[in-house]
Amino acid sequence: MTIRHFLQFKDFSRQDIEHLFKRTRVIKDRFKRYQTYHPCVDRSLVMIFEKASTRTRLSFEAGFQQLGGTAIYLNTRDSQLGRGEPVEDAAQVISRMCDVVMIRTFEQTIIERFAAHSRVPVINGLTNEYHPCQILADMYTFIEHRGSISGKTVAWIGDSNNMLYTWLQAAELFDFTVHVSSPPGYQVDPAMAGSSIRCLRSFDDPMAAASGAHLVTTDVWTSMGFEAENEERLRAFADYQVDAEMMGVAAPDALFMHCLPAHRGEEVSAEVIDGPQSVVWDEAENRLHVQKALLEYLVVGHVDD
Ligand code: CP
Ligand code: NVA
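See below:
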């Protein structure tokens with residue numbers, strides 16, 4: 014039997030994602046009404062973190078417990094993972110003792126190697142290249158507030174990072190356009206974008222990228238693992254802050270999103286992130302609900318009720 018993994022957004026079809034969103038609505042609604050839903054009793058999720066996290070850990074751990082299962086946290090510091098045990102060996106052992114694994118790590122090749130030797134589904138909880146669970150939450154949040162995202166324009170202002178490359182994969186699957194404005198030296202790598210480059214429009218001027226957009230979104234200028242470049246990046250990105258003037262050229266009902274954690278005064282002004290167009294708290298909460306739908310899908314299978 015082939016095991017389904019969610020290592021990058023395009024591992025799932027549009028139909029799979031639409032099913033997840035349908036289940037997210039049901040699971041979220043039941044949860045809000047305090048209805049117990051325990052399809053994962055006696056099942057275990059192992060969460061492996063090689064980078065810091067607040068939202069990802071909390072949403073996976075609380076989410077799997079809410080589904081009736083047990084979540085086990087491992088990090089590099091306190092396990093053999095940081096002491097040179099081969100990823101392939103760790104995958105063989107860990108996947109014999111649990112039902113699903115979530116990994117946050119550095120290179121995408123690490124989770125690919127883990128998945129190749131795993132007996133159970135593996136979920137990408139962020140790598141240097143992609144952050145697919147976050148884009149599930151972002152798209153779901155957009156749809157909740159504004160309806161279908163197909164045909165819409167998402168403006169990405171700032172670093173061409175794991176979030177942007179995942180947005181591009183989502184755009185290809187759901188037929189929307191991503192306007193991107195990044196400073197010289199930090200622009201999209203066409204090899205990373207692959208065929209999703211057809212959904213991308215690049216702009217030198219961030220104001221032009223935001224113009225008419227239905228969603229304006231950004232992320233930290235220095236992602237985890239790139240801390241040594243922080244000073245240089247602060248200088249390079251200085252003109253790429255999402256501020257009220259930039260939101261002013263977007264569509265009148267444009268939303269603002271940020272995966273968090275945010276740096277007010279750097280990639281976004283306090284006025285925007287704390288303002289009326291910002292949906293960052295809904296976006297963060299929806300990590301919980303979309304990932305419960307994802308865990309249900311990978312552990313239990315296609316549920317329809
Ligand atoms: N957005 C996100 O993944 O947050 P954490 O780094 O806190 O998990
Ligand atoms: N691009 C950021 C996202 C953090 C959730 C990082 O990789 O650090």
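First residue of the sequence shown? That's 14 in the numbering used here, and the numbers climb one at a time after it.
Where a beta carbon is used, it is the ideal one built from N, C-alpha and C, also for glycine.
Since this is a predicted model, take the numbers as computed values, not measurements.
Q12: which of Y199, S194, P203 and G171 sits nearest, CA to CA? Any answer about residue 12 is impossible in this case: the structure gives the chain only from 14 up to 318.
Is A84 helix, strand or coil when you go by DSSP? Against the sequence shown, residue 84 aligns to sequence position 71. Strand at A84.
Looking only at its chain, what residues have a beta carbon closer than 6 Å to the beta carbon of S194, apart from the 5 residues adjacent to it on each side? Locating residue 194 in the sequence shown gives position 181, counting from the first residue. These residues qualify, in order along the chain: I170, F216, P219 and A222.
Strictly by DSSP, which residues pair up with H192? Locating residue 192 in the sequence shown gives position 179, where the first residue counts as 1. In DSSP, H192 forms a bridge with A168 and R214.
Check T69 in the structure and name its three-state DSSP category. Here the question's residue 69 lines up with position 56 in the sequence shown. Helix, per DSSP.
With burial defined as no fewer than 16 other Cβ atoms inside 10 Å of the residue's Cβ, what is the status of D172: buried or exposed? In the sequence shown, counting from the first residue as 1, residue 172 sits at position 159. Buried is the call here.
Tell me whether the beta-carbon of E30 lies closer than 8 Å to the beta-carbon of L139. For the purposes of this step, residue 30 is identified with residue 17 of the sequence shown, where counting begins at 1. For the purposes of this step, residue 139 is identified with residue 126 of the sequence shown, where counting begins at 1. Glu is not the amino acid found at residue 30; the sequence shown has Ile there. For I30 and L139, no; Cβs fall outside 8 Å.
What residue from D266, G207 and E244 has the CA that sits closest to G225's CA? The residue labelled residue 225 in the question sits at position 212 within the sequence shown. Measuring from the Cα of G225, the nearest candidate turns out to be D266.
Do you know offhand how far I40's Cα is from T235's? In the sequence shown, the residue the question calls residue 40 occupies position 27. In the sequence shown, the residue the question calls residue 235 occupies position 222. Rounded to the nearest angstrom, the two C-alpha atoms are 34 Å apart.
Please state whether DSSP places H276 in a helix, a strand or coil. To locate residue 276, count along the sequence shown from 1; it is residue 263. DSSP places H276 in coil when its eight states are reduced to three.
Tell me whether T67 counts as near the ligand CP, meaning its Cβ is closer than 7 Å to at least one heavy atom of that ligand. Indexing the sequence shown from 1 puts residue 67 at position 54. Yes, Cβ of T67 sits closer than 7 Å to a heavy atom of the ligand CP.
Rounded to whole angstroms, what's the CA-CA distance from K45 to R300? Just pull it up for me. As a working note, residue 45 is residue 32 in the sequence shown. As a working note, residue 300 is residue 287 in the sequence shown. Cα-Cα distance, rounded: 15 Å.
Three-state class that DSSP yields for R17 in the structure shown: Indexing the sequence shown from 1 puts residue 17 at position 4. Of the three classes helix, strand and coil, the one that applies to R17 here is coil, per DSSP.
Grouping DSSP H, G and I as helix and E and B as strand, with all else coil, what is T235? By 1-based counting over the sequence shown, the position of residue 235 is 222. In the structure shown, T235 sits in coil (DSSP, three-state: anything other than H, G, I, E or B).
8 Å Cβ cutoff met for R17 and L307: Numbered from its first residue, the sequence shown carries residue 17 at position 4. Numbered from its first residue, the sequence shown carries residue 307 at position 294. In this structure, L307 does not lie closer than 8 Å to R17 by Cβ.
Boundaries (first-last residue) of the alpha helix (DSSP H) holding F34: Your numbering for residue 34 matches position 21 in the sequence shown. R27 to K45 is the extent of the alpha helix (DSSP H) around F34.
For N137, the first and last residue of its enclosing beta strand (DSSP E): In the sequence shown, residue 137 corresponds to position 124, counting from 1. First-last of the beta strand (DSSP E) with N137: V135 to N137.
From the DSSP output, read off the bridge partner residues of F127. Residue mapping note: residue 127 aligns to position 114 of the sequence shown, counting from 1. In the DSSP output, where bridge partners are listed per residue, F127 has none listed.
Does any heavy atom of the ligand NVA sit closer than 7 Å to the C-beta of L139? Numbered from its first residue, the sequence shown carries residue 139 at position 126. Yes; taking the cut-off as 7 Å, the Cβ of L139 has a heavy atom of the ligand NVA nearer than that.
List the whole-angstrom C-beta distance separating E120 from N141, where the pair is believed to meet the contact cut-off of C-beta under 8 Å. Reading the sequence shown from its first residue, position 107 is the one you call residue 120. Reading the sequence shown from its first residue, position 128 is the one you call residue 141. About 6 Å; that satisfies the 8 Å criterion.
Give every residue of the same chain whose Cβ lies closer than 6 Å to the Cβ of S291, excluding the five residues on either side of it in the sequence, and list them in chain order. Within the sequence shown, the letter at position 278 stands for residue 291. Counting only Cβ-Cβ distances below 6 Å, and skipping sequence neighbours, we find F269.
Give the secondary structure of M270 by DSSP, where H, G and I count as helix, E and B as strand, and everything else as coil. Here residue 270 refers to the residue found at position 257 of the sequence shown. Strand, per DSSP.
Take E279 and list the residues in its own chain whose beta-carbon comes closer than 8 Å to its own, dropping the five residues that flank it on each side. Numbered from 1 along the sequence shown, position 266 holds the residue referred to as residue 279. If we look at E279 and ignore the five residues flanking it on each side, its Cβ neighbours are V233, W234, L247, F250 and Q254.
Keeping to the same chain, check which residues put their C-beta closer than 7 Å to that of L94; ignore five residues upstream and five downstream. In the sequence shown, counting from the first residue as 1, residue 94 sits at position 81. Excluding sequence neighbours, L94 sits near I61, L87 and A103.
Going by DSSP in three states, S57 sits in which element: helix, strand or coil? On the sequence shown, position 44 is the one that residue 57 refers to. The answer is strand: DSSP assigns S57 an E or B state.
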